[in-house]
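Protein sequence lines correspond, in order, to chains A and B.
Start counting the first sequence at 150; every next residue gets the next number (our numbering).
Start counting the second sequence at 507; every next residue gets the next number (our numbering).
For each residue, glycine too, the CB sits at the ideal point set by N, CA and C.
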Amino acid sequence: MLALDIFLAALVFMGGLPLIAGCFQFGLAGLHCFRRRSRVEGDVHPRVAVVIPAWNEAAVIQRTLDQLARLEYPRERLRIYVVDDASDDDTPVLLGAKAHEYPGLVFPLRRERGGEGKSHTINHGLRRVRADGWYDAVLVIDADVIFTGGSLRRMARHLADPEVGAATAYIKEGSRPANYMNRFIAYEYITAQAAARRAQNVLGVHACLAGGAQLIRRESLEAVGGEIDTSTLAEDTVTTFRIQLAGKRVVFEPHAIVWAEEPRGVDGLWKQRLRWARGNIQVTRLFRRVWFHPRRPGGLGRLSFALIWFSVLLMPVFLLSASTGLIALFFDNRVFAEHAFRGLWAINVVAYLFITLSSFSIDPRTARLCWREGIAFPGIVSLMIMLYTVLPADFVADGNVLLRALGIHPSAALGDALTLFAYAWLTVSMLAAAAIRQMDRRRWLAWLSGPLVYVVGYGPLQCAVTATAYIKELRGAEMRWDKTEKVGAIGEVA
Amino acid sequence: MSDAPTIPGVPTEPDLAAGVPTEPDLAAGILTEPDLAAGIPTEPDLAAERAHEERSERWLFIRQVAIVLVLVALLLIHALLG
């Protein structure tokens, strides 16, 4: 029986792996000032061809182009190719007007037969850029992103180092006024971009160039075939992997700020993240010969990189494992189950405090906007479980006294039910998040989805999306490019 | 001074003496007068900007260390209180 208990406890503590990986990343992010710098970082202004895929972007494209025209970058070293993917709104007209306003800067291109997806649209632009032959580097961006004045200049200086094949920027959520979902995403981007990408700079290997800001050196683009991948839903990740496997480095420039407009509701977020999660599963399969092979170029086969990659990709599996282990232990050895439960959630508490405080420290300006969402990120239910875990046993017993004083007499059956609920929560939270998404799609229930995200947590929502992505991939579901709707909500930016 | 004929767009000797960037300069991204007029930062601006960025990264490290120390202290207090 002891062997079984140890096995079940191991299942439980697998649930702590993503947290340990998270702490590892935030620890590395703090070491960013000691990172391996580019061998040369200079004031260089390579000729940059910007490629913007645009499908029905009338609400956002003008501002994006105006902002690019105002970049602190020599005008004669910048060309902007906007690829209109057979838009049926005012996009072609607006692009014509902008080409007239910025002659020699804005070059509208048009695909008469569109609908093949973003990667095909980008490739249309890349073919034209390569045919012109004018460029030293290509900058692939989204139609809605707003580059701050010095952002491209800060990214470009890394290309002074011939070892650097590509650079990316810090994408921030810029919708104003920001609703609850925008604030959750703003906080998430501190963790997933400002922190995680700093950590990847320190490790010297990157998982993904941010899709909205990919500056790629000409030689690197040619080395990966001159076009981007169209076989997966994560073309930016595939490009990142291939550049590194071709022997060049990828770097993140945390001081190059780019603002983006992100979804404003659960359903929009779900569609966007489902595409990303399915893309990551496809990438994992595509590069199956790279994982755990430390000698592969670019560091992609290192254990440290695998820890970061798989802790996110396999998170639903880890959470399911923890719940299964706890429930099985509950029926086998209750005392041991309670110890394992407290141990797992103690890891949760420490990781939560470290990651939350570190996130606030990494980007205090954004944290002032979204600190409530940062605190509520794991969900109020998980926060209550954490509180229960750290409170002394006497205090919990006193709590029972309090309940009795209120006329509530917790029976043994109620106690068992609550215990099982807490043990199963890591898995139940994913199901609850999936239910919130269904509610968000029904007009008469949608108002509830916001408050419920705070209760269930934004983290579990992401895990539920990843779990759904596995199901879709196993079923071989159609790869759909569900474009995130943009309305031009980005506020005034510095 | 050279007697060579002037080719449009190619700096002449007097141009070069006056500091007009040559093609290799331009290829390396040297700023021109219109660039400077458009507000593109000069070397001293960039040096100050880089110094600021480096300082902010060092402060990030210091804050991370402080967070770790606070968490360790909290863990010790929790352990002492049983």
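Alpha-carbon to alpha-carbon, ALA618/A and LEU227/A: Against the first sequence, residue 227/A aligns to sequence position 78. Against the first sequence, residue 618/A aligns to sequence position 469. Rounded to whole angstroms, LEU227/A to ALA618/A spans 39 angstroms at the Cα level.
Under the three-state DSSP convention, the category LEU532/B falls into: As a first step, residue 532/B is located in the second sequence; it is residue number 26 there, counting from the start. Residue placement at LEU532/B cannot be trusted, given a pLDDT of 49 that sits under 50; the coordinates are not used to answer.
Below-8 angstroms beta-carbon distance, ARG301/A vs any chain B residue: What you label residue 301/A is simply residue 152 of the first sequence in a count that begins at 1. According to the sequence displayed, residue 301/A carries Leu and not Arg. No, its Cβ sits nowhere closer than 8 angstroms to a Cβ of chain B.
LEU552/B at chain A interface by Cβ criterion, 8 angstroms: The residue labelled residue 552/B in the question sits at position 46 within the second sequence. It does; some Cβ of chain A falls within 8 angstroms.
Cβ of ILE583/B within 8 angstroms of any chain A Cβ: Translated into the one-based positions of the second sequence, residue 583/B becomes position 77. Chain A contact via Cβ: absent.
Within chain B, partners of CYS182/A - CB distance below 8 angstroms: Along the first sequence, read from residue 1 onward, the residue named residue 182/A stands at position 33. Neighbours of CYS182/A on chain B, chain order: GLU560, GLU563, ARG564, LEU566 and PHE567.
Continuous alpha helix (DSSP H) stretch holding TYR607/A: start and end: Within the first sequence, residue 607/A is the residue found at index 458, counting from 1. That run of the alpha helix (DSSP H) goes 607-624.
Segment contact flag, the stretch 498-516 of chain A with the stretch 566-585 of chain B, C-beta cutoff 8 angstroms, min 3 pairs: yes
Whether PHE573/A touches THR538/A by CB criterion (8 angstroms): Locating residue 573/A in the first sequence gives position 424, where the first residue counts as 1. Locating residue 538/A in the first sequence gives position 389, where the first residue counts as 1. Note on residue identity: the sequence assigns Ala, not Phe, to residue 573/A. Taking 8 angstroms as the Cβ cut-off, ALA573/A and THR538/A do not qualify as a contacting pair.
Where ALA362/A falls: helix, strand or coil (DSSP): Taking the first residue of the first sequence as position 1, residue 362/A is located at position 213. In the structure shown, ALA362/A sits in a strand (DSSP, three-state: E or B).
Identified DSSP bridge partners for THR576/A: Position 427 of the first sequence, counted from the start, is the residue given in the question as residue 576/A. BP columns for THR576/A are empty, so no partner.
Simplified DSSP state of VAL278/A, which is helix, strand or coil: For the purposes of this step, residue 278/A is taken as residue 129 along the first sequence, with counting starting at 1. If DSSP states are grouped into helix, strand and coil, VAL278/A belongs with the helices.
Alpha-carbon spacing of THR240/A relative to PHE256/A, whole angstroms: Indexing the first sequence from 1 puts residue 240/A at position 91. Indexing the first sequence from 1 puts residue 256/A at position 107. Computed Cα separation, rounded: 13 angstroms.
Residue nearest to CYS519/A in terms of C-alpha spacing, selected from LEU288/A, VAL200/A, LYS321/A and ALA571/A: For this step, residue 519/A is matched to residue 370 along the first sequence. Selected option, being the one with the closest Cα: LYS321/A.
Per-residue burial, GLU402/A [other beta carbons within 10 Å of its own, 16 or more giving buried]: Indexing the first sequence from 1 puts residue 402/A at position 253. That one is buried.
Where LEU577/B meets chain A, residues with beta-carbon distance less than 9 angstroms: Here residue 577/B refers to the residue found at position 71 of the second sequence. The contacting residues are VAL499, LEU502, PHE503 and LEU506.
Residue-chain proximity (ILE511/A, chain B), Cβ-Cβ < 8 angstroms: Here the question's residue 511/A lines up with position 362 in the first sequence. Interface residue, yes.
Interface residues of the stretch 361-387 of chain A facing chain B [CB-CB below 7 angstroms]: none
DSSP state of PRO403/A mapped onto helix, strand, coil: Residue 403/A sits at position 254 when you count from the first residue of the first sequence. If DSSP states are grouped into helix, strand and coil, PRO403/A belongs with the strands.
Same chain, Cβ closer than 6 angstroms to ALA613/A, five either side skipped, listed in chain order: Reading the first sequence from its first residue, position 464 is the one you call residue 613/A. So the list reads MET579, ALA582 and ALA583, once near-sequence residues are dropped.
Distance between GLY375/A and ILE583/B (C-alpha atoms, nearest Å): In the second sequence, residue 583/B corresponds to position 77, counting from 1. In the first sequence, residue 375/A corresponds to position 226, counting from 1. Taking the straight line joining both Cα atoms gives about 58 angstroms.
Meets three-Cβ-pair contact criterion under 8 angstroms: the stretch 281-295 of chain A and the stretch 623-640 of chain A: yes
Cβ of TYR222/A within 8 angstroms of any chain B Cβ: As a position in the first sequence, residue 222/A is number 73, starting the count at 1. With 8 angstroms as the cut-off, TYR222/A counts as an interface residue toward chain B.
Coil, strand or helix - GLY314/A by DSSP: Within the first sequence, residue 314/A is the residue found at index 165, counting from 1. In the structure shown, GLY314/A sits in a strand (DSSP, three-state: E or B).
Exposure label - GLN363/A; buried when at least 16 CB within 10 Å: As a working note, residue 363/A is residue 214 in the first sequence. The residue in question, GLN363/A, is buried, as its Cβ has 16 or more Cβ neighbours within 10 Å.
Chain-order list of residues whose beta-carbon lies under 8 angstroms from that of LEU452/A (same chain, five-residue window excluded): What you label residue 452/A is simply residue 303 of the first sequence in a count that begins at 1. Same-chain partners within the cutoff: PHE441 and PRO443.
Euclidean distance between Cα positions of ALA158/A and GLY165/A: Locating residue 158/A in the first sequence gives position 9, where the first residue counts as 1. Locating residue 165/A in the first sequence gives position 16, where the first residue counts as 1. If I take the Cα positions, the gap works out to 11 angstroms.
ALA455/A, DSSP secondary structure in three states: As a working note, residue 455/A is residue 306 in the first sequence. Three-state result, ALA455/A: helix.
Contact check, ALA409/A vs ARG303/A, beta carbons under 8 angstroms: Position 260 of the first sequence, counted from the first residue, corresponds to residue 409/A. Position 154 of the first sequence, counted from the first residue, corresponds to residue 303/A. No, the pair does not count as a contact, with Cβ atoms beyond the cut-off.
Boundaries (first-last residue) of the alpha helix (DSSP H) holding ILE339/A: On the first sequence, position 190 is the one that residue 339/A refers to. Looking at the DSSP string, ILE339/A is not in any alpha helix (DSSP H), and its letter there is neither H nor E.
Residue environment, ILE534/A, which counts as buried when at least 16 other CB atoms sit within 10 Å: Counted from its first residue, the first sequence places residue 534/A at position 385. Its Cβ being crowded by 16 or more others within 10 Å, ILE534/A is buried.
The beta strand (DSSP E) enclosing VAL287/A, as first and last residue numbers: As a first step, residue 287/A must be located in the first sequence, where it is residue number 138. 286-290 is the extent of the beta strand (DSSP E) around VAL287/A.
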